[in-house]
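Numbering (mature numbering (1 follows the signal peptide of the UniProt record, and there is no 0)), first residue to last: -18 to -1, 1 to 649.
C-beta atoms are modelled at their ideal positions from N, C-alpha and C, and glycine is treated no differently.
Keep in mind that this is a model prediction, so the values were computed, not measured.
Notes follow once the structure below has been shown.
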Amino acid sequence: MFWGQLVNLGLFLSLSIGGYTRLVTIPTIPFNGTNGTYSLARLTSIVVDARYANVVDNDGATQIPPTLHQFAETFQKDLQSTVGIDIPLTASRTAAVNSIFFTLTNETGFQDAAGRYTSEAYTLTINEDGVEIAGASPLGAWWGSRSLLQAAVISGNTLPQGSAVDAPGWANRGIMLDAGRHFYPPEFLIEMCAFLSFFKQNAFHVHLSDNLYNNVDRYSAQQSMDLYAAFRLWSEDPALAGLNKRANESYTKKQFDNVQQQCARRGVTIIPEIEAPGHALVISQWRPDLALDDLSMLNITHPDTIPTMKSIWKTFLPWFHSKTVHIGADEYDKDLVADYTSFVNTMRDYIFKESGKGMRIWGTFIPSQGANVSTDVSIQHWEFFEDNPYFDYIKNGYNVLNSDDAFYIVGKWSGSYPSTLNKTRVFYGNPAGGAYAPNVFDTKNATNNPPRNDPHVLGHIAALWNDYGPNSTTVLEAYYSWRDTLPALADKQWGGSILEEEYDAVFDKIHAAIPGQNLDRRVQSHTDTILHYKFDEDTETVVDHSGNGYDGIIRGCHVQNSSLVLSNGCYVNTPLGSKGRDYTLSFWVKPTSQTPGTLFAGPDSALLSGNGSISNITLISGGNPYSLNYSLPLDTWTQDLQVWSFLRAWGSMAKAKFGLLLESKPH
């Protein structure tokens, strides 16, 4: 009865004659069902095959691959947080009854779309004795563990018995984030890796340097020198002194290493990009002598330009743990193709000699324009006005990564591109019929697309750009640009077959279970009221009347006439961090001073009464102020103020009457 309900609802299993043909997870899993089910409640242990516990995947994109045992350790934590099963992890050469057994195998079906062996494949076997996940490598076993968790979430921990052989169609699957024009904290990158990993995406391309558009027809040289430009890696190397002027919006070596390590633990490789010779204003602001008349472009023929770029890469190559790095090389002067080609080939030779790493560039100039770029350089296509990837690159022997602007998004707003992924295009974007796939470069003309099994197609990366700079959007808005549709795209990047109606049926449940992150900034609550402080007693503890027990601690303030008197930097510390979208925060406040002060503050943002010389209510997010056209009146109770950011209550010469009410409702 239970399984019949699932099939009828289309929530989990796709049924055909002879058994279940696939599990409706994200991505879908090919599955050959047998009779019976297995309840994960029977599990007593996780067992790592002792023969392979310390084996790593040497065929993947990272130079810091986790061992099979390390992947199993992460899985053990995920199993508890996702479905509430807390069992010990052991090592043995054989599986135990009622265990999840992690091992390795060499299955003949481990092939990608081009028919090549892939180390990311795995088998999943469920029988009356438990579960076995056998990877082509530890990374393959890890992807199998994602399948198991999703299946458990959807099925309520009761799984059909049977087996699966699953392999990705393409080796590069993921996203690109423009961190050059908007800073993202290391913690955000790590959480995004957890999000990607749950849907078997393995690549996080981080764009580390860039500038706002340099309008040479309107800007003076000084205006260009003052234009926002940033380099996000912070080094103490004297040779690079002055390149990075934003220490508080940069990644130290320790921070960037931790990001890479944490992401690798979940099967995701950080692909770093340092952009040149175009989009290089941050370098020109440091070294104006190296620039063309358009200061955002470097003068490649200047005798110190290439040595300077080599110096930059020499410093940072040891920071990077990916087997491929990205030098950008996008949107350069079309009259300087020969110089451009020389630059790219020289940097390719240098990077390989220094580190053994491969190199990638954006598709910019094509062979018919005279660009004789080495075919050892992989091309990341993004726009047909730059190239036709199939005819210009693939047919000339280049390997191409698909980042076509079919899924180009811009944070918050753009006159040319959307701010969220196009869901319809994911499911119906193949002009030859059917869903999108990494070999679909052109969503309108099928003749521009190579066959699905073309070995020169590296995969697909969906790019998010911050064309309008750091204050046009906030950190978490990048996540919301991807949130609802990226998992569907991940299914197509892998080679899955989920249908739109199936996706809609399972998405919410799977999304709510993603381990290792809280990008939605969820707060657990028994009712719609998350937190309610009344300040009805002058005690150190302020009681939460919501029923959730989120009592606060008063630090230096006092309560008077059912009001919290905030002065001299005192505050109330709550046990909460941030609350995500769809809520209302209500409070009363009576400022008794014109001195600007913080009303609420926390890890993602702060709400101020006044900011510097202005008295306006101001939200601070990502270091950027967003001021409202409203100021609190002095010595007057402003009743039932409603705002959208709740973190920690602070104060400066103000009173808060009846305290705070935070409800999980649309504002």
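Beta bridge counterpart(s) of residue i as assigned by DSSP
i: Ile69; result: Looking at the DSSP assignment, Ile69 forms no beta bridge with any residue, so it has no partner.
i: Tyr233; result: Leu215
i: Arg537; result: Tyr553
i: residue 672; result: Nothing in the structure corresponds to residue 672, since the chain is present only between -18 and 649.
i: Val6; result: BP columns for Val6 are empty, so no partner.
i: Asn384; result: His363, His442
i: Asn154; result: Gly441
i: Gln244; result: Answer is none; Gln244 lacks a bridge partner.
i: residue 650; result: Here the chain has residues from -18 to 649 only, and residue 650 is not among them.
i: Tyr314; result: According to DSSP, Tyr314 bridges with nothing at all.
i: Ile391; result: Leu446
i: Ala258; result: Gly310
Outcome for residue i when other beta-carbon atoms lying within 10 angstroms are tallied against a minimum of 16
i: Lys59; result: exposed
i: Gly498; result: buried
i: Leu589; result: buried
i: Ile254; result: According to the sequence displayed, residue 254 carries Pro and not Ile. With 16 or more Cβ atoms within 10 Å of its Cβ, Pro254 is classed as buried.
i: Lys247; result: The sequence given here has Arg at residue 247, not Lys. That one is buried.
i: residue 665; result: There is no way to answer for residue 665, as the model of the chain reaches only from -18 to 649.
i: Asn40; result: exposed
i: Glu336; result: exposed
i: Ala419; result: buried
Rounded C-alpha distance that separates residue i from residue j
i: Pro168; j: Tyr322; result: 33 Å
i: Arg4; j: Gly151; result: 16 Å
i: Pro120; j: Val147; result: 15 Å
i: Gln143; j: Phe84; result: 17 Å
i: Trp344; j: Asp317; result: 18 Å
i: Thr100; j: Gly477; result: 13 Å
i: Gly340; j: Ile46; result: 16 Å
i: Val30; j: Leu22; result: 17 Å
i: Thr577; j: Asn598; result: 12 Å
i: Phe628; j: Thr556; result: Residue placement at Phe628 is flagged as unreliable, the pLDDT there being 36, under the threshold of 50; the coordinate-derived value follows with that caveat. Rounded to whole angstroms, Phe628 to Thr556 spans 10 Å at the Cα level.
i: Leu263; j: Tyr485; result: 43 Å
i: Gly604; j: Gly91; result: 47 Å
i: Val326; j: Tyr314; result: 12 Å
i: Thr357; j: Pro349; result: 11 Å
i: Tyr233; j: Asn109; result: 47 Å
i: Ile309; j: Leu601; result: 36 Å
i: Leu458; j: Thr467; result: 16 Å
i: Phe334; j: Pro289; result: 16 Å
i: Leu614; j: Thr580; result: 13 Å
i: Ala211; j: Ile443; result: 24 Å
i: Trp626; j: Gly594; result: Low local confidence applies: a pLDDT of 49 at Trp626 is under 50, so the model's placement there is unreliable, with the coordinate-based value given in what follows. Those two C-alpha atoms are separated by around 22 Å.
i: Ala460; j: Ile136; result: 27 Å
i: Asn448; j: Ala161; result: 8 Å
i: Ile157; j: Gly15; result: 34 Å
i: Ser278; j: Ser266; result: 7 Å
i: Phe13; j: Gly117; result: 16 Å
i: Cys552; j: Arg537; result: 6 Å
i: Gly112; j: Val79; result: 6 Å
i: Ser324; j: Glu365; result: 23 Å
i: Leu471; j: Leu546; result: 49 Å
i: Gln183; j: Leu130; result: 16 Å
Residue range of the unbroken beta strand (DSSP E) whose run includes residue i
i: Ser597; result: 596 to 603
i: Glu483; result: That residue, Glu483, is in no beta strand (DSSP E); its alpha helix (DSSP H) goes 482 to 493.
i: Tyr20; result: 14 to 21
i: Ile46; result: Looking at the DSSP string, Ile46 is not in any beta strand (DSSP E), and its letter there is neither H nor E.
i: Leu458; result: Looking at the DSSP string, Leu458 is not in any beta strand (DSSP E); the run it does join, the alpha helix (DSSP H), is 457 to 464.
i: Ala116; result: 112 to 117
Range of the contiguous alpha helix (DSSP H) that encloses residue i
i: Pro120; result: 120 to 137
i: Ser179; result: 168 to 180
i: His187; result: No alpha helix (DSSP H) holds His187; the beta strand (DSSP E) holding it covers 185 to 189.
i: Asp586; result: Where Asp586 is concerned, there is no enclosing alpha helix (DSSP H), given that its DSSP letter is neither H nor E.
i: Gln475; result: 468 to 476
i: Tyr410; result: 405 to 410
i: Val264; result: 263 to 268
i: Gln506; result: It is not in any alpha helix (DSSP H) - Gln506 carries neither H nor E in the DSSP assignment.
i: Pro497; result: First-last for Pro497: undefined, no H or E at that position.
i: Ile288; result: 287 to 298
Chain D within 8 Å of residue i, Cβ atoms only
i: Ala388; result: In the structure shown, chain D cannot be found, because there is only a single protein chain.
Count Cβ pairs between the segment 489 to 501 and the segment 196 to 209 that sit closer than 8 Å; are there 3 or more? No, they do not touch.
Does the count of Cβ pairs from the segment 219 to 238 and the segment 144 to 160 closer than 8 Å reach three? No contact exists between the segment 219 to 238 and the segment 144 to 160.
Any contact between the segment 121 to 139 and the segment 99 to 111? By contact I mean 3 or more CB pairs, one from each, below 8 Å. A contact exists between the segment 121 to 139 and the segment 99 to 111.
With three or more beta-carbon pairs closer than 8 Å as the criterion, would you say the segment 228 to 245 touches the segment 272 to 287? Too few Cβ pairs lie closer than 8 Å, so no.
Stretch pair the segment 386 to 403 + the segment 50 to 57: three plus CB contacts closer than 8 Å: Because the criterion of three Cβ pairs below 8 Å is not met, the segment 386 to 403 and the segment 50 to 57 do not touch.
Touching by the beta-carbon criterion (3+ pairs, under 8 Å), the segment 171 to 187 and the segment 498 to 512: The segment 171 to 187 vs the segment 498 to 512: in contact.
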